[in-house]
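Below is one structure, written out as structure tokens; comments come after it.
There are 2 protein chains.
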Amino acid sequence: MSSLSTHPEFSPRQNAVLDSALRLLVDGGERALTTAGVARAANCSKESLYKWFGDRDGILSAMIGYQASKVRTLEERAETLTGDSLRAHLVVFARDLLDVLSGDVSLALNRLAIGQASRDGAQLGQMLQERGRRQIGKRAGGLLDAGRRAGLLRFDNGEEAYGTLYGLIVTDLHLRMLLGEDVKLTQQDFSRRAERAVDAFLDLYGTKRQMAKP
Amino acid sequence: MSSLSTHPEFSPRQNAVLDSALRLLVDGGERALTTAGVARAANCSKESLYKWFGDRDGILSAMIGYQASKVRTLEERAETLTGDSLRAHLVVFARDLLDVLSGDVSLALNRLAIGQASRDGAQLGQMLQERGRRQIGKRAGGLLDAGRRAGLLRFDNGEEAYGTLYGLIVTDLHLRMLLGEDVKLTQQDFSRRAERAVDAFLDLYGTKRQMAKP
DNA sequence: CCAAGATAGTACCGTACGGTACGGTTCTTT
DNA sequence: AAAGAACCGTACCGTACGGTACTATCTTGG
């Protein structure tokens, strides 16, 4: 039970502790994330940990909230869209999405939340969903809406269109990385993957006929 | 360290034990999967567990191998393909894929493997990948190849085409379910989702022009 | 019927971890 | 400067779990 509702957040000192905890989680997985370990890594006492975050679950929640607050999705202004600029914006979005999903902190937190999903009624999973996907989904939604207003895209259901775009970009890559597949290997392919996905998406939802691949 | 290579598998009694263990895992998550718990649920002694499976990790590996051996992907013969029958086959495949991914045992095992991914060098994750996705991917590959031979599909890279199909079908649904989102809710949408995904796929890779949605 | 192996049930051991308590030190406030 | 709060470091407690040992029971083959 942590207060993650409005914007109380935490003090700089507490954020530093959360940073250490994230580092610990990334390096050693959940098994390494013991209260004693966090205290040692952050040079703080266990007593302070329990005072600040309540219990271990409170630390986990705080870690997710803190990380989400760090990864602010930059809201880009996309006016005067042309077919080419829309495609370029979409490709950038796709690359950013892939970069976020393949980040070690993101992967570690997703693993953590998935591991706890059957325990705590998916509290952490809901947080990740809310703070992570909703955020980046909003950015994509804005982009898609702008494309539609410019007459470049055609769709009725924005959520569905975004889902399609997401699926084309990510496919089963996220799951494979979560299962432990070497991330470095897959990262080399990101640019090509982003472009192919966007091309396919424009094939499906674009109003202008895309040029066929040779 | 378990011997999962060829086909030694396990005795009926041991399979029954693995069944109990899977039940336990599905009901209570990994925390509930203690050696004492498995022994109690299966009415066997801990000593037998360690004799048969070596250690706790051996039990986990055996569970994955056992479950994979149960879910045999039926290899369907798809000859004399027409445009309609190809679409029908693809829709069936999509539904089957969604059903498999949303199965409680599948979700529990994926959660388990993901939770261990940072620990054991992704042993379990590799097993799941190998036994799970490769299997169902082969079925899809056969279907796609048949479609291409019949002149109904056009693609150079079968893996890529399958990846696109997978992404269109699943999008981020698998991850959401792994994070704890209510599965029953999403299951209602499976038929529609399967059809939409296949339609989009045929839009991208089909040779005949699909009819536009009204 | 008996010996030998396998297994269930239980008791036991060591360790690791979540959570609490406490003494000593530093920082803040008045 | 004194008083008080915050905090670090450590010690401590209870429990839970992985793994082992032992005994009683059951099965099986001669």
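For the protein sequence lines, the chains are S and R, in the order given.
Letter by letter, the first sequence follows residues 538 to 751 in our numbering.
Letter by letter, the second sequence follows residues 538 to 751 in our numbering.
Even for Gly, the Cβ is constructed at its ideal location relative to N, Cα and C.
query	result
Would you call the region 684–695 of chain R in contact with the region 598–608 of chain S, where contact means no fewer than 3 C-beta pairs closer than 8 Å?	no
So which residues of chain S does isoleucine 601/R contact, with C-beta pairs closer than 7 Å?	Within chain S, no residue comes near isoleucine 601/R; the closest Cβ sits about 12 Å away, beyond 7 Å.
Cα separation between glutamine 724/S and lysine 745/R?	35 Å
Determine the direct distance from the alpha carbon of leucine 681/R to that of glutamate 612/R, and round the result to whole angstroms.	13 Å
Could you tell me which whole alpha helix (DSSP H) segments of length 4 or greater appear in the region 605–688 of chain S?	620–639, 641–653, 660–665 and 671–686
Please list the partners that glutamine 666/S has in chain R, where partner means a Cβ-to-Cβ separation under 8 Å.	Arg713, Leu716 and Glu718
Can you list, in chain order, the residues of its chain with a C-beta nearer than 8 Å to that of alanine 573/S? Leave out the 5 residues immediately preceding and following it.	Lys583
Determine the contact status of glycine 662/R and isoleucine 651/R, defining contact as a CB-CB distance below 8 Å.	yes
I believe alanine 731/S touches leucine 635/S by the beta-carbon criterion, under 8 Å. Please report the beta-carbon distance rounded to the nearest angstrom.	6 Å
From this set, Asp633/S, Asn580/S, Thr571/S and Leu712/S, which residue's C-alpha is nearest arginine 676/S's C-alpha?	Asp633/S
Could one say the Cβ of serine 539/R lies closer than 8 Å to chain S's Cβ atoms, at least one of them?	Its pLDDT being 39, under 50, serine 539/R is placed unreliably by the model, and nothing is read from it.
Would you grab the beta carbon distance between leucine 562/R and alanine 576/R for me? Rounded to a whole angstrom, and I think it's under 8 Å.	Their Cβ separation, rounded to whole angstroms, is 14 Å, which puts leucine 562/R and alanine 576/R out of contact at 8 Å.
Run through chain R and tell me which residues come within less than 7 Å of alanine 737/S, C-beta to C-beta.	Thr701 and Leu741
Going by beta carbon distance, what residues of the same chain come within less than 8 Å of arginine 614/S, once the five residues before and after it are set aside?	none
What do you get for glycine 658/S, buried or exposed, if any count of 16 or more other CB atoms within 10 angstroms of its CB means buried?	exposed
Using a Cβ-Cβ cutoff of less than 7 Å, which residues in the same chain neighbour leucine 559/R once the five nearest sequence positions on both sides are dropped?	Met600, Gln604 and Val642
Is the CB of glutamate 732/R under 8 Å away from at least one CB in chain S?	no
With a Cβ-Cβ cutoff of 8 Å, do arginine 648/R and alanine 654/S count as a contact?	yes
Mind checking arginine 733/S: buried by the 16 CB within 10 Å criterion, or exposed?	buried
Quick one: which residues of the region 680–697 of chain R get their C-beta closer than 7 Å to a C-beta of chain S? List them in chain order.	none
Going along the chain, which residues of its own chain have a beta-carbon closer than 7 Å to the beta-carbon of glycine 620/S, five neighbours each way excluded?	Leu689 and Lys745
Taking the beta carbon of aspartate 719/R as the centre, do at least 16 other beta carbons fall within 10 Å, making it buried, or is it exposed?	exposed
Starting from phenylalanine 590/S, trace the alpha helix (DSSP H) in both directions and tell me its first and last residue.	583–590
Taking the alpha carbon of valine 628/S as the point to measure from, which residue in Tyr742/S, Gly743/S, Phe727/S and Leu741/S has its own alpha carbon closest?	Phe727/S
Around the C-beta of leucine 710/S, are 16 or more other C-beta atoms found within 10 angstroms, so that it is buried, or is it exposed?	buried
Valine 707/S CB to nearest chain R CB: under 8 Å?	yes
Does the beta carbon of aspartate 636/R sit closer than 8 Å to a beta carbon anywhere in chain S?	no
Closer than 8 Å, CB to CB, is serine 655/S near chain R or not?	yes
Pick from Ala698/S, Ala645/S and Leu665/S: whose alpha carbon is nearest that of glycine 566/S?	Ala645/S
Checking 8 Å against the spacing of the C-beta atoms, do leucine 741/R and alanine 737/S come in under that value?	yes
Between which two residues does the alpha helix (DSSP H) harbouring aspartate 564/S extend?	549–569
Run through chain R and tell me which residues come within less than 9 Å of glutamate 567/S, C-beta to C-beta.	Gly652, Ser655 and Arg656
From the DSSP output, in three-state form, read off glycine 488/R for me.	What the structure shows of chain R is the stretch from 538 to 751, and residue 488/R is not part of that stretch, so it cannot be assessed.
If you measure from the beta carbon of alanine 659/R to each beta carbon in chain S, is any gap under 8 Å?	yes
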